[in-house]
Amino acid sequence: MSPASTGASTVVGAVSSAPAVDSRVAPGGPGYRRMSFALFLAGVATFALLYSTQALLPLISTDFGVAASEASWTVAAATGGLALFVLPMSALSERFGRRTVMTASLAVAVTVGLLVPFAPSLTALVALRAVQGAALAGLPASATAYLAEEVTPKALVTAIGLFVAGNSVGGMSGRVITGWVAQEWGWRVAVAVIGAIAVACAVAFRALLPTPRHFVAGSLRPRVLARTVRDHLSNPLLRRLYAIGALFMTVFGGVYTVIGYRLTEAPFNLPQGIVGSIFLVYLVGTVSASTAGRLVGRLGRRGALYAGGGTTAAGLLLSLADSLPLVLLGLVLITAGFFAGHAVASSAVSKTATKGRAQASALYQSAYYIGSSAGSTVGAVAFHAGGWAGTVGVGLLAVTGVVTITVLGSRAARVAARREPVPAS
5 MSPASTGAST VVGAVSSAPA VDSRVAPGGP GYRRMSFALF LAGVATFALL
55 YSTQALLPLI STDFGVAASE ASWTVAAATG GLALFVLPMS ALSERFGRRT
105 VMTASLAVAV TVGLLVPFAP SLTALVALRA VQGAALAGLP ASATAYLAEE
155 VTPKALVTAI GLFVAGNSVG GMSGRVITGW VAQEWGWRVA VAVIGAIAVA
205 CAVAFRALLP TPRHFVAGSL RPRVLARTVR DHLSNPLLRR LYAIGALFMT
255 VFGGVYTVIG YRLTEAPFNL PQGIVGSIFL VYLVGTVSAS TAGRLVGRLG
305 RRGALYAGGG TTAAGLLLSL ADSLPLVLLG LVLITAGFFA GHAVASSAVS
355 KTATKGRAQA SALYQSAYYI GSSAGSTVGA VAFHAGGWAG TVGVGLLAVT
405 GVVTITVLGS RAARVAARRE PVPAS
């Protein structure tokens, strides 16, 4: 490698002692805002498309004459498709580049999004949503791997937090917009509007995202991929982080799949537009995700996870009240706790994995969206069987799992610290 490429100076006949310059992007550096905004838009498009039917489930149930547990498959199919395909997509990103895979994934997803409004049956709608979720699988793991390669380590939690914040804005805007549009013109027009917004985000993303400077192409050989996956799954810390992501998303998926049914029924009886506006609480998630780095700085990773889990549990309990203000406050706390916990866990995965980052992130995303599919389905079944209290019970079990895993991680860290040899004086 030439001296110019390393940033080190040379003197003939001498060895330079100048430290290598880290050429990765830092906050305030050239291209950081452009990169962050591009990935923010990718996050907006991803979550707006992925959950475009969630706020519309009561209308879809009425249109097709099905129960909540059946309509919920329009959400579960999308998140399940993403969970199944995120690992293969991450392998493609290792070979062909993060930017290329993200661009192709968004292109396919927005194309399918324009077809969704014309689904003639629930079966066709679920099938289209599954394809859309599979296409979106190229975004989450590739985005976090891109940031891990292009951004300085100290800025990584903040950078990933901004991407997660884009997810929250997409989820919020998609649900709010669909709620009000559907109230006037029906759910089909509502998802068509989301498709058009996603097209605009995809075009802007491709125009703004800087060309990667630190990507090194890997291998597509199945044996190499299998070895990388095996190495990640043999890491106890990564396994704990994957489980935490899945459990947090089980809570979130269940709550937001069922909340529309609860609020359109007695004692609330809210119209569809107002129910869609409930998702404005996602703005709280935007803040909590983007400030996750500061939370980790003050409490440490495990402390931040305890805070996220405790906040989520408090919100679940508050939401049991038959008072709309208390339900809204409960949703605020659930949203804040979830997005903080997700940002902390996903950034910890990127920091922990020194090789095969795309696969490490893909495994996290796979677990995360399996949790979403499970939460959507089990939460709807629990609501059908026991009302909102059933859905809350599922959520509290998942939060208990998060706390238990974090406690076990703390114990494992203390045992490992005691086993480290004491350096000789």
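Everything in the sequence shown is counted per my numbering, starting at 5 for the first residue and increasing by one.
Cβ coordinates follow ideal geometry from the N, Cα and C atoms, glycine included.
Source: prediction; values computed, not measured.
_Extent of the continuous alpha helix (DSSP H) run through Phe44_ = Here residue 44 is taken as the residue at index 40 of the sequence shown, counted from 1. Run containing Phe44: Tyr36 to Leu54, per the alpha helix (DSSP H) assignment.
*asked:* Rounding to the nearest angstrom, what Cα-Cα distance links Thr215 and Arg38 in this structure?
replied: Translated into the one-based positions of the sequence shown, residue 215 becomes position 211. Translated into the one-based positions of the sequence shown, residue 38 becomes position 34. For Thr215 and Arg38, the distance between alpha carbons rounds to 11 Å.
*Taking the C-alpha atoms as reference points, what is the distance between Lys359 and Pro144?*
The residue given as residue 359 occupies position 355 in the sequence shown. The residue given as residue 144 occupies position 140 in the sequence shown. About 17 Å.
_Here's the rule: buried if 16 or more other CB atoms are within 10 angstroms of the residue's CB, otherwise exposed. What is Ser21?_
Within the sequence shown, numbered from 1, the residue matching residue 21 stands at position 17. Because Ser21 sits at a pLDDT of 47, beneath the cut-off of 50, its placement in the model cannot be relied upon, and the point is left open.
_Same chain, Cβ closer than 6 Å to Ala347, five either side skipped, listed in chain order_ = Stepping through the sequence shown from its first residue, residue 347 is reached at position 343. Cβ neighbours of Ala347 beyond the five flanking positions: Gly165, Val168, Ala293 and Ala296.
_Closest by C-alpha distance to Ala186, when choosing among Tyr150, Pro121 and Leu110_ = Here residue 186 refers to the residue found at position 182 of the sequence shown. The candidate whose alpha carbon is nearest that of Ala186 is Pro121.
*Within 10 angstroms of the Cβ of Leu412, are there 16 or more other Cβ atoms? Answer buried if so, exposed if not.*
Here the question's residue 412 lines up with position 408 in the sequence shown. So Leu412 ends up on the exposed side.
*asked:* Just to confirm, is the Cβ distance from Thr437 to Arg210 under 7 Å?
replied: In the structure as shown, the chain starts at 5 and stops at 429, and residue 437 therefore has no counterpart that could be examined.
*Own chain residues within Cβ distance below 7 Å of Gly77, not counting five before or after*: Taking the first residue of the sequence shown as position 1, residue 77 is located at position 73. Reading off the sequence shown, one finds Trp at residue 77, where the question assumed Gly. The residues are Val130.
*Is the Cβ-Cβ distance between Ser109 and Ala362 less than 7 Å?*
The count along the sequence shown starts at 1 and reaches residue 109 at position 105. The count along the sequence shown starts at 1 and reaches residue 362 at position 358. Cβ atoms of Ser109 and Ala362: not closer than 7 Å.
*Going by DSSP, which residues form a beta bridge with Val79?*
Here residue 79 corresponds to residue number 75 of the sequence shown, with the count starting at 1. According to DSSP, which records beta bridges pairwise, Val79 is partnered with nothing at all.
*Helix, strand or coil: how does DSSP classify Leu330 here?*
Counted from its first residue, the sequence shown places residue 330 at position 326. The answer is helix: DSSP assigns Leu330 an H, G or I state.
_Exposure of Glu188, with buried meaning 16 or more beta-carbon neighbours within 10 Å_ = Position 184 of the sequence shown, counted from the first residue, corresponds to residue 188. Exposed.
*If you compare alpha carbons, which of Ala82, Leu367, Gly390 and Leu274 is closest to His236?*
Start at 1 with the first residue of the sequence shown, and residue 236 comes out as number 232. Comparing Cα positions, the closest option is Leu367.
*Helix, strand or coil at Phe272 according to DSSP, with G and I counted as helix*: The residue labelled residue 272 in the question sits at position 268 within the sequence shown. Reduced to three states, the DSSP call for Phe272 is coil.
_Helix, strand or coil, according to DSSP, for Arg415 in the structure here?_
Locating residue 415 in the sequence shown gives position 411, counting from the first residue. Residue state, collapsed to three classes: helix.
_Suppose contacts are defined by Cβ-Cβ distances below 7 Å. Is Ala349 in contact with Gly257 by that definition?_
In the sequence shown, the residue the question calls residue 349 occupies position 345. In the sequence shown, the residue the question calls residue 257 occupies position 253. Not closer than 7 Å, so no.
*asked:* Suppose you measure from the CA of Thr182 to the CA of Gly345; what does that come to, to the nearest Å?
replied: Taking the sequence shown and counting its residues from 1, one reaches residue 182 at position 178. Taking the sequence shown and counting its residues from 1, one reaches residue 345 at position 341. Going from the Cα of Thr182 to the Cα of Gly345 covers about 27 Å.
*Would you mind working out which of Ala149, Leu132, Gly379 and Ala95 sits nearest Arg231, comparing C-alpha positions?*
Locating residue 231 in the sequence shown gives position 227, counting from the first residue. For Arg231, the nearest C-alpha among the options comes from Ala95.
*Give a yes or no on whether the minimum CB-CB distance between Phe343 and chain D is below 7 Å.*
No chain D appears in the structure shown, which is made up of a single protein chain.
*Going by beta carbon distance, what residues of the same chain come within less than 6 Å of Asp288, once the five residues before and after it are set aside?*
If you number the sequence shown from 1, residue 288 lands on position 284. Checking the sequence, you will find Val at residue 288 rather than Asp. Same-chain partners within the cutoff: Val336, Thr339 and Ala340.
*Assign Ala87 to buried or exposed, taking buried as 16 or more other Cβ atoms, counted over all protein chains shown, within 10 Å of its Cβ.*
Residue 87 sits at position 83 when you count from the first residue of the sequence shown. With 16 or more Cβ atoms within 10 Å of its Cβ, Ala87 is classed as buried.
_Would the region 53-67 count as touching the region 261-276 if we require 3 or more Cβ pairs under 8 Å?_
yes
*Where in the region 183-218 do unbroken runs of the alpha helix (DSSP H), each at least 4 residues long, occur, reported from the N-terminal end onward?*
191-212
_Sequence-distant residues of its chain with Cβ nearer than 8 Å to Thr356 (five each side left out)_ = By 1-based counting over the sequence shown, the position of residue 356 is 352. Correct list, in chain order: Asn239, Leu241, Leu242, Leu245 and Ala364.
*Apply the 10 Å Cβ neighbour rule to Arg179 and answer buried if 16 or more other Cβ atoms are within range, or exposed otherwise.*
The count along the sequence shown starts at 1 and reaches residue 179 at position 175. Buried: at least 16 other Cβ atoms inside 10 Å.
*With a CB to CB cut of under 6 Å and the five nearest residues on each side skipped, what residues in its chain are close to Ala421?*
Residue mapping note: residue 421 aligns to position 417 of the sequence shown, counting from 1. Closer than 6 Å at the Cβ level, and outside the excluded window around Ala421, lies no residue.
*Compare the Cα-Cα distances from Leu514 to each of Val382, Phe343 and Leu330 and report the closest residue.*
Absent from the model: residue 514. The displayed extent of the chain is 5 to 429, so no value can be given.
*With a CB to CB cut of under 8 Å and the five nearest residues on each side skipped, what residues in its chain are close to Val197?*
Indexing the sequence shown from 1 puts residue 197 at position 193. Around Val197: Ile181, Thr182 and Val185.
*Just curious, the alpha helix (DSSP H) that Ala123 is in, first and last residue?*
The residue you call residue 123 lines up with position 119 of the sequence shown. Here Ala123 belongs to no alpha helix (DSSP H), and DSSP marks it neither H nor E.
_Going by C-alpha to C-alpha distance, which of Thr316, Ala147, Val255 and Phe342 sits closest to Thr381?_
Counting from 1 along the sequence shown, the entry for residue 381 is found at position 377. Nearest C-alpha to Thr381: Val255.
*Beta-carbon proximity of Ala139 to Thr261, cut-off 7 Å*: The residue you call residue 139 lines up with position 135 of the sequence shown. The residue you call residue 261 lines up with position 257 of the sequence shown. Contact flag unset, no.
_Contacts around Ala152, its chain only, beta-carbon distance under 7 Å, and the 5 residues preceding and following it disregarded_ = Against the sequence shown, residue 152 aligns to sequence position 148. The residues are Leu160, Ser354 and Arg361.
*Buried or exposed for Leu53, please, with buried defined as at least 16 other CB atoms from any protein chain shown within 10 angstroms of its CB.*
Locating residue 53 in the sequence shown gives position 49, counting from the first residue. Leu53 is buried by the Cβ-count criterion.
_Nearest-angstrom Cβ-Cβ length linking Leu309 and Phe272, presumed shorter than 8 Å_ = Taking the sequence shown and counting its residues from 1, one reaches residue 309 at position 305. Taking the sequence shown and counting its residues from 1, one reaches residue 272 at position 268. No, Leu309 and Phe272 are not in contact; Cβ-Cβ is about 33 Å, not under 8 Å.
*Give the straight-line distance between the Cα atoms of Ile409 and Ala270, rounded to the nearest whole angstrom.*
Residue numbering aside, residue 409 sits at position 405 when the sequence shown is read from its first letter. Residue numbering aside, residue 270 sits at position 266 when the sequence shown is read from its first letter. Spanning the two alpha carbons is a distance of roughly 38 Å.
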